[in-house]
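Residue numbers (our numbering), protein chains in the order written: chain A, 37 to 176; chain B, 37 to 176; chain C, 37 to 176.
Every residue, glycine too, gets a C-beta built ideally from N, C-alpha and C.
Working notes for the structure below.
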Amino acid sequence: MYWFQKEFKLKPFKRGFHIITDTVLNEIPDIEKIDIGMLQVFIKHTSASLTINENADPTVRVDFESHMNKMVPEDAPYYIHTYEGSDDMPAHIKAALMGVSVQIPITNGRLNLGVWQGIYLCEHRNNASGRRLVVTAYGN
Amino acid sequence: MYWFQKEFKLKPFKRGFHIITDTVLNEIPDIEKIDIGMLQVFIKHTSASLTINENADPTVRVDFESHMNKMVPEDAPYYIHTYEGSDDMPAHIKAALMGVSVQIPITNGRLNLGVWQGIYLCEHRNNASGRRLVVTAYGN
Amino acid sequence: MYWFQKEFKLKPFKRGFHIITDTVLNEIPDIEKIDIGMLQVFIKHTSASLTINENADPTVRVDFESHMNKMVPEDAPYYIHTYEGSDDMPAHIKAALMGVSVQIPITNGRLNLGVWQGIYLCEHRNNASGRRLVVTAYGN
Numbered sequence: 037m038y039w040f041q042k043e044f045k046l047k048p049f050k051r052g053f054h055i056i057t058d059t060v061l062n063e064i065p066d067i068e069k070i071d072i073g074m075l076q077v078f079i080k081h082t083s084a085s086l087t088i089n090e091n092a093d094p095t096v097r098v099d100f101e102s103h104m105n106k107m108v109p110e111d112a113p114y115y116i117h118t119y120e121g122s123d124d125m126p127a128h129i130k131a132a133l134m135g136v137s138v139q140i141p142i143t144n145g146r147l148n149l150g151v152w153q154g155i156y157l158c159e160h161r162n163n164a165s166g167r168r169l170v171v172t173a174y175g176n
Numbered sequence: 037m038y039w040f041q042k043e044f045k046l047k048p049f050k051r052g053f054h055i056i057t058d059t060v061l062n063e064i065p066d067i068e069k070i071d072i073g074m075l076q077v078f079i080k081h082t083s084a085s086l087t088i089n090e091n092a093d094p095t096v097r098v099d100f101e102s103h104m105n106k107m108v109p110e111d112a113p114y115y116i117h118t119y120e121g122s123d124d125m126p127a128h129i130k131a132a133l134m135g136v137s138v139q140i141p142i143t144n145g146r147l148n149l150g151v152w153q154g155i156y157l158c159e160h161r162n163n164a165s166g167r168r169l170v171v172t173a174y175g176n
Numbered sequence: 037m038y039w040f041q042k043e044f045k046l047k048p049f050k051r052g053f054h055i056i057t058d059t060v061l062n063e064i065p066d067i068e069k070i071d072i073g074m075l076q077v078f079i080k081h082t083s084a085s086l087t088i089n090e091n092a093d094p095t096v097r098v099d100f101e102s103h104m105n106k107m108v109p110e111d112a113p114y115y116i117h118t119y120e121g122s123d124d125m126p127a128h129i130k131a132a133l134m135g136v137s138v139q140i141p142i143t144n145g146r147l148n149l150g151v152w153q154g155i156y157l158c159e160h161r162n163n164a165s166g167r168r169l170v171v172t173a174y175g176n
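Written out as structure tokens, the structure is:
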């Protein structure tokens with residue numbers, strides 16, 4: 037049974053959806069020792085999030101941003117928590133909807149993702165600095 | 037400490053929400069050996085998803101489909117990624133909102149679900165073929 | 037390798053978003069023995085959910101409730117599952133969007149949460165009784 041864990045900081049990303057699969061894998065090369073196991077990626081923030089989706093056509097990520105902005109708009113008349121800027125409260129809600137962790141099975145030393153799947157960093161703020169991730173891999 | 041993992045393909049389901057708890061359990065009977073542990077079900081796709089919800093009245097699943105279609109509509113004017121059909125981009129967004137994995141505690145050899153909880157396959161495409169799942173169970 | 041698991045019932049909460057981080061930690065003090073590991077909190081219900089978000093300003097939780105009520109309204113004309121009350125079907129959908137579990141890395145005997153992160157109980161029903169949680173901690 038192996039347990040590996042690493043905490044690190046991403047470079048700053050602009051608001052939107054970004055693929056970070058390779059960045060994550062580069063930080064935790066020891067997963068190649070695991071035959072059956074699990075990788076978790078956790079983001080230590082409340083206005084950015086993680087999900088898994090299409091890794092090929094970049095317009096998919098543009099459409100994610102457009103739709104999330106429509107579904108969770110800025111300046112809704114019922115927001116009370118407004119003093120951190122128009123992008124702040126929507127960022128909290130979007131982060132909760134997407135989630136702050138992804139869990140991916142490991143099989144034969146590799147992430148067992150579908151061929152079209154990648155890990156997304158979802159940056160919901162306009163001017164965020166680099167986000168902190170905790171990556172934990174465990175298995176046999 | 038046990039680790040069990042199995043990858044398999046579901047039969048094709050039509051667009052909508054479907055209970056697959058028994059199908060999953062039939063693929064991984066070894067969880068009965070685990071006193072305390074965890075089951076993960078992971079879907080290797082970007083336009084179908086997994087969640088846990090009400091396992092009794094089928095109209096709940098119909099209402100899920102109706103509401104998700106309203107909340108993430110087809111043919112939104114801001115979609116750019118349209119060349120795979122009207123149902124494709126909404127399917128990606130719905131999949132990210134629902135999530136591509138569920139994690140369920142194992143207690144005394146059984147899934148420790150609430151009495152009303154079941155595992156849903158959420159099929160967001162009109163004409164999908166069978167989806168691939170990876171089921172991983174681990175524990176003591 | 038340690039495995040700890042406990043099932044317990046929360047006190048009833050009113051409809052809305054509530055921080056339960058300390059309540060959860062009080063139930064599972066053994067995580068202090070774990071250097072690298074994982075904590076899962078799972079809710080055994082289909083109309084309440086769990087997420088992780090901002091632990092400081094209570095107006096954030098008020099805005100969550102306001103927005104979720106707008107995004108998943110009561111009495112939508114397309115709901116069929118209405119016989120359990122106007123708050124029931126939206127509660128199921130909200131619960132699936134937020135999710136029924138959170139997974140948090142453990143580092144040096146403590147939850148490795150960001151400084152602003154807390155565990156939310158999301159109570160989507162008007163008059164719910166106390167909700168059952170299963171807390172599972174495991175690691176080295």
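Candidates the options: which alpha carbon is nearest residue i's?
i                 : options                                   : result
LEU169 of chain C : C:GLU110, C:ILE129, C:LEU149 and C:VAL138 : C:VAL138
ILE142 of chain B : C:ASP123, C:GLU101, C:PHE49 and C:VAL171  : C:VAL171
GLU120 of chain A : C:SER102, C:THR59, C:ALA92 and C:ILE70    : C:ALA92
ASN105 of chain B : C:TYR115, C:ARG97, C:VAL136 and C:GLU101  : C:TYR115
TYR174 of chain C : C:LYS45, C:GLU68 and C:ARG51              : C:GLU68
PHE40 of chain A  : A:SER102, A:LEU61 and A:ASP123            : A:LEU61
ASP123 of chain A : A:ARG51, A:LEU86 and A:TYR156             : A:ARG51
GLY154 of chain B : B:ARG167, B:THR59, B:LYS45 and B:LEU46    : B:THR59
VAL136 of chain C : C:SER85, C:HIS128 and C:GLU110            : C:SER85
TRP152 of chain C : C:PRO94, C:ALA127, C:HIS128 and C:GLU110  : C:PRO94
Tell me whether residue i is buried or exposed, calling it buried when 16 or more other Cβ atoms sit within 10 Å of its Cβ.
i                 : result
ASN148 of chain C : buried
ASP99 of chain B  : buried
ASN89 of chain A  : buried
LYS130 of chain B : buried
SER165 of chain B : exposed
LYS80 of chain B  : buried
Beta carbon of residue i, beta carbon of residue j: below 8 Å?
i                 : j                 : result
MET134 of chain A : CYS158 of chain A : yes
ILE72 of chain B  : ASN162 of chain B : no
GLU42 of chain A  : ILE56 of chain A  : According to the sequence provided, residue 42 of chain A is Lys. The question's Glu does not apply to it. The answer is no: Cβ separation not under 8 Å.
ILE70 of chain C  : GLY145 of chain C : yes
GLN76 of chain C  : MET37 of chain B  : no
HIS117 of chain A : VAL108 of chain C : no
SER102 of chain B : HIS160 of chain B : no
ALA132 of chain C : THR87 of chain B  : yes
PHE53 of chain C  : TYR156 of chain C : yes
ILE140 of chain B : PHE78 of chain C  : yes
What residues of chain A sit near residue i, judged by a beta carbon separation below 8 Å?
i                 : result
ALA132 of chain B : THR87, ILE88, ASN89, PHE100, MET134 and TYR156
ASP93 of chain C  : HIS117
VAL108 of chain B : HIS103 and MET107
Give the residues of chain B in contact with residue i, contact being defined as C-beta atoms less than 9 Å apart.
i                 : result
MET37 of chain A  : MET37 and TRP39
ILE72 of chain A  : TRP39, PHE40, GLN41, THR172 and TYR174
ALA112 of chain C : ASP99, SER102, HIS103 and LYS106
Which residues of chain A have a Cβ atom closer than 7 Å to the Cβ of residue i, listed in chain order?
i                 : result
GLN139 of chain B : GLN139
Mind pulling the chain B residues with CB within less than 7 Å of residue i?
i                 : result
LEU149 of chain A : LYS80
For residue i, go through chain C and note every residue whose CB falls closer than 8 Å to its CB, in chain order.
i                : result
VAL96 of chain B : HIS117, MET125 and HIS128
Check the Cβ of residue i against every Cβ in chain C and list those closer than 7 Å, keeping chain order.
i                : result
GLN76 of chain A : MET74, GLN139 and PRO141
Who are the neighbours of residue i on chain A, taking C-beta pairs under 9 Å?
i                 : result
ARG168 of chain B : GLY150
State yes or no: is the beta carbon of residue i nearer than 8 Å to at least one beta carbon in chain D?
i                 : result
HIS103 of chain B : Of the protein chains in the structure, A, B and C, none is chain D.
Regarding residue i and the ligand ADP, is the C-beta to nearest heavy atom distance less than 7 Å?
i                 : result
ILE140 of chain C : Within the structure as shown, the ligand ADP is missing, as the structure has no ligands at all.
*Residue ranges of each beta strand (DSSP E) within the region 142 to 166 of chain B, 3 or longer*: 153 to 159
_For a minimum of 3 consecutive residues, which ranges assigned as the beta strand (DSSP E) are wholly contained in the region 45 to 86 of chain B?_
52 to 55 and 72 to 79
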